[in-house]
Amino acid sequence: MNSGWRRDGDDLILAVRLTPGATREDVGGRWTDEHDAHWLSARVRAVPEKGKANAALIALLAKRLDWPKGAILLESGDTNRLKRLRIQGGAGALDRLTAIIETWIDAT
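Written out as structure tokens, the structure reads:
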């Protein structure tokens, strides 16, 4: 998943590095880890307690992707900044979602 996302059957898996407690909510930019893997950067106002930041991230992605919140699942990273999210049924709209995600990753 070097690009920050990959297809998994009918779903998309999105790698996100979340910054909770930010002054503004936003999605954009790329963060590269020590294994040279790319992660989409996201910021939410919510604090990282009791799943609030994770819920805010899902809500933000759902709004920006125009995708149902219930179809975006946290796969891993519940208590970590590095998260993997599954966008269910995302492969059916692969071109549209990919174009949006790529513009976010390329943003600075």
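Residue numbers are given in the numbering used here: position 108 of the sequence shown equals residue 110, and the series is strictly consecutive.
C-beta atoms are modelled at their ideal positions from N, C-alpha and C, and glycine is treated no differently.
{"Query": "Proximity winner among Gly11, Pro22, Ala44 and Leu76, relative to Ala55 (alpha-carbon distances)", "Result": "Pro22"}
{"Query": "Bridge-paired residues (DSSP) for Arg8", "Result": "Ile15"}
{"Query": "Local Cβ density within 10 Å of Ser78, reported as buried at 16 or more and exposed below that", "Result": "exposed"}
{"Query": "Glu27, DSSP secondary structure in three states", "Result": "coil"}
{"Query": "Neighbour-count burial assignment, Lys85, 16 or more Cβ in a 10 Å radius", "Result": "buried"}
{"Query": "Assigned exposure category for Ala58 - 16 Cβ within 10 Å defines buried", "Result": "buried"}
{"Query": "Other residues of its chain near Trp33: CB distance less than 7 Å, five sequence neighbours each side excluded", "Result": "Arg19, Trp41 and Ser43"}
{"Query": "Trp33 in three-state terms, based on DSSP", "Result": "strand"}
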